[in-house]
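Asker: In the working numbering, the protein residues as written are 9 to 460. Ideal Cβ positions, reconstructed from N, Cα and C, are used throughout, including at glycine. Model, not experiment: these values are computed from the prediction. I am attaching a structure below and will ask some questions about it afterwards.
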Amino acid sequence: MSSLSPSAPPVRYSNYQFRCIACEHTTESAGEDFRCRDCGDLLEITYPYWKEANLDGAQVKFIWQDRLISSHPVDLSGVWRFRDVLPVIQKEDQAITLREGNTPIYDLPRCARITGVARLFAKHQGMNPTGSFKDTGMTVAATFAKMAGFRWVACASTGNTSASMAAYAARGGMRSLVLVPEGKISWSKLSQALDYGAVTCQLRTDFDGCLKLLQDLVKKAPVYQLNSINPFRLEGQKTLAIELMEQLEWQPPDHIIVPGGNLGNSSAIGKALIEMKQLGLISRLPKLSVIQAEGANALVRTLRETGGKQLVIVPAETRATAIRIGNPASWKKAARVLEATGGACEQVSEVEIAQAKAEIGAEGIGCEPASAVTLAGLKKLVQQGFVTPEETVVLVLTGNLLKDPDYTIEFHRGDLFADQRSRELNALRRPPIVLDASLDAVMRTLEDAERS
Ligand code: F0G
């Protein structure tokens, strides 16, 4: 059966609406800032048409499976393969795709032993084309930017969004403008934006300052903003959860754990879980938990200090630079999905992040520091009894190990947290060994390593 199979549910242009998350006002079109015209809060995409079309869970599962044998570009994308639950595009060849999604799920037997849970998996979004989960949202939002006729797209970023946006803009024949905090993103991510041809501005501020400036810019210049305030991004990022459930044969795990920065990804995953339950694709909701770095813990403090009613903005500082964010835009959406799924919100220290990252690395998988908060957070949730040993847990690894090589090298050389006398930490360090090019020297090193 081809991607244009007669049994695919009928779609119409358009199949979605924007709805304000606060006053619930609905509209067919959104302004440049993707905020409600009445109350100024964020918009989300909804699909009133699903009810009308009687979208049937069993039928879409079959269609998605069937598309796996198609060679049509939208079917080769691990995002657009699930297009029946995404905003519809008029012509399928309009999709700007790099074959994103299609990411593996790995079991983590050693990390499972360390944490004491029986079944632990990693859904590795770092295996996307530009090395982070951002690609799944970017393919959708960049496609809509292009369809709306924009020549320029722009974002504020801690690095991964800019790398992804620059790649998709280039593929779609659009120009891109990147605003990043000077000196606070990894060279690896910066180099991607440069190579994909973005106009890259390193601003003397933090991420929150970059995002604020972008909000002003889109009101003045015809640029389309591709931060996760843009609800099309979150629709694409939903597919992480859909693909995960398909990989688990639609048997939901007990817990999904995700890092929290600007809080778009947790919101997207939560939205996907709720929608999948509504459509009958899954029979129960996993608990979705968000983990933040102690130094960038706006959501943790918001929930603890105001019961989720008012955002507590924090001055952000962490070596996990991807989540160095103190004023997260999607905090309300994230707070809601945590409540809806019964998930927790925790914070972890810099040392806990470094240890967890090395433990994930030692599984032969690896990830960037921000992703490792998930394992560090899981340890805490197990200690608290929130996660119990017989439960199944999935960690969402958001970025590839190669995204921040400086951090990894500093850690293994012993320069990162050199003052920490932690036995666990030091046991994980694998410093490079400089030797004369002699067989004896290498043999001795091998024997020492065997004994240790
Ligand atoms: N993990 C990685 C690797 C990230 O790059 C980000 C966010 C997050 C987790 C947090 O996701 O913001 O949706 O809560 N990076 C953004 C960027 C902010 O600009 O690349 P979130």
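Go ahead and label residue 314 buried or exposed: buried means 16 or more other beta carbons lie within 10 angstroms of its beta carbon, across all protein chains shown.
Answerer: With fewer than 16 Cβ atoms within 10 Å of its Cβ, residue 314 is classed as exposed.
Asker: Rounded to whole angstroms, what's the CA-CA distance from residue 449 to residue 429? Just pull it up for me.
Answerer: Rounded to whole angstroms, residue 449 to residue 429 spans 29 Å at the Cα level.
Asker: Between which two residues does the alpha helix (DSSP H) carrying residue 7 extend?
Answerer: Past the edges of the chain, shown from 9 to 460, lies residue 7, and the structure says nothing about it.
Asker: Against chain C, with Cβ distances strictly below 7 Å, would residue 60 count as a contact?
Answerer: Note that chain C does not occur in the displayed structure, where there is just one protein chain.
Asker: Exposed or buried, what is residue 199 when buried is set at 16 or more other beta-carbons lying within 10 Å of its beta-carbon?
Answerer: Per the 10 Å Cβ criterion, exposed.
Asker: Hey, would you say the C-beta of residue 331 is under 6 Å away from at least one heavy atom of the ligand F0G?
Answerer: Answer for residue 331: yes, Cβ within range of the ligand F0G.
Asker: Using a Cβ distance threshold of 8 Å, determine whether the segment 50–57 contacts the segment 251–267, with at least three qualifying pairs required.
Answerer: Too few Cβ pairs lie closer than 8 Å, so no.
Asker: On the DSSP bridge assignment, give the partners of residue 164 in chain order.
Answerer: Looking at the DSSP assignment, residue 164 forms a beta bridge with 187.
Asker: Hey, residue 390 and residue 124 are a contact pair by Cβ (cut 8 Å); roughly how many whole angstroms apart?
Answerer: Right, the Cβ-Cβ distance comes to about 6 Å (below 8 Å), so this counts as a contact.
Asker: For the beta strand (DSSP E) containing residue 130, list its first residue and its last residue.
Answerer: Taken as a continuous stretch (DSSP letters only), the beta strand (DSSP E) holding residue 130 covers 127–132.
Asker: Heavy atom of the ligand F0G less than 6 Å from the Cβ of residue 86, yes or no?
Answerer: The answer is no for residue 86.
Asker: Can you tell me whether residue 79 sits near the ligand F0G, meaning its C-beta is under 6 Å from at least one heavy atom of the ligand?
Answerer: Answer for residue 79: no, Cβ out of range of the ligand F0G.
Asker: Looking only at its chain, what residues have a beta carbon closer than 8 Å to the beta carbon of residue 329, apart from the 5 residues adjacent to it on each side?
Answerer: Once the five neighbours on either side are set aside, the close Cβ partners of residue 329 are 166, 167, 192, 193, 194, 377, 378, 412.
Asker: Nearest to residue 402 by CA position, among 414, 310, 296, 302, is which residue?
Answerer: The shortest C-alpha separation from residue 402 is found at 296.
Asker: Given a cut-off of 7 Å on the beta-carbon distance, is the pair residue 282 and residue 348 in contact?
Answerer: Yes, the Cβ-Cβ distance between residue 282 and residue 348 is below 7 Å.
Asker: Could you give the distance in angstroms between the alpha-carbon of residue 32 and the alpha-carbon of residue 279?
Answerer: Cα to Cα, the separation comes out at about 16 Å.
Asker: From 331, 230, 65, pick the residue whose C-alpha is nearest to that of residue 406; which is it?
Answerer: Cα-wise, what sits closest to residue 406 is 331.
Asker: I'd like to check one pair, residue 109 with residue 289: are the Cβ atoms closer than 7 Å?
Answerer: No, they are not a contact pair.
Asker: I'd like to confirm something about residue 376: is its beta-carbon nearer than 6 Å to some heavy atom of the ligand F0G, or not?
Answerer: Yes, the Cβ of residue 376 comes within 6 Å of a heavy atom of the ligand F0G.
Asker: Cβ atoms of residue 163 and residue 367: under 7 Å apart, would you say?
Answerer: No, Cβ-Cβ distance for residue 367 and residue 163 is not below 7 Å.
Asker: Within 10 angstroms of its Cβ, does residue 443 collect 16 or more other Cβ (buried), or is it exposed?
Answerer: Residue 443 comes out exposed.
Asker: What is the C-beta distance between residue 197 and residue 236, in whole angstroms, given that I count them as a contact (C-beta under 8 Å)?
Answerer: Contact flag wrong, Cβ pair sits at about 16 Å.
Asker: Per the DSSP calculation, residue 295 is bridged to which residue(s)?
Answerer: DSSP, once it has assigned bridges, lists 263 as partnering residue 295.
Asker: Taking only the alpha-carbon atoms, compute the straight-line gap between residue 301 and residue 201 and give it to the nearest angstrom.
Answerer: When rounded, the distance between both Cα atoms is 25 Å.
Asker: Applying the criterion that 16 or more other CB atoms from any shown protein chain within 10 Å of the CB defines a buried residue, is residue 453 buried or exposed?
Answerer: Burial call: exposed.
Asker: By Cβ distance below 6 Å, which residues in the same chain neighbour residue 153 in space, the five residues on each side in sequence not counted?
Answerer: The answer, listed in chain order, is 161, 232.
Asker: So does the segment 70–87 actually touch the segment 98–112, counting three or more Cβ pairs closer than 8 Å?
Answerer: Yes, they touch.
Asker: Just to confirm the assignment, what range does the beta strand (DSSP E) spanning residue 243 have?
Answerer: Premise fails: residue 243 lies in the alpha helix (DSSP H), 239–245, not in any beta strand (DSSP E).
Asker: Should residue 241 go down as buried or exposed, given a rule of 16 or more other Cβ atoms within 10 Å for buried?
Answerer: Buried is the call here.
Asker: Considering only DSSP beta bridges, list what residue 140 is partnered with.
Answerer: Bridge partners of residue 140: 407.
Asker: Does the beta-carbon of residue 336 have 16 or more other beta-carbons within 10 angstroms, so that it is buried, or is it exposed?
Answerer: Label assigned to residue 336: buried.
Asker: Which residues in the same chain have their Cβ closer than 6 Å to the Cβ of residue 264, if we skip the five residues on either side of it in sequence?
Answerer: Taken in chain order, the residues that qualify are 294, 296, 402.
Asker: If we call anything under 7 Å between Cβ atoms a contact, is residue 234 one with residue 187?
Answerer: No, the Cβ-Cβ distance between residue 234 and residue 187 is not below 7 Å.
Asker: Measuring CA to CA, which of 173, 404, 440, 247 is closest to residue 420?
Answerer: Nearest C-alpha to residue 420: 440.
Asker: Is any non-hydrogen atom of the ligand F0G found closer than 6 Å to the C-beta of residue 291, if you look at the structure I gave you?
Answerer: Residue 291 Cβ: outside cutoff for every heavy atom of the ligand F0G.
Asker: Whole-angstrom Cβ separation of residue 244 and residue 382, contact assumed at under 8 Å?
Answerer: Going by Cβ atoms, the distance from residue 244 to residue 382 rounds to 21 Å, so no, they are not a contact pair.
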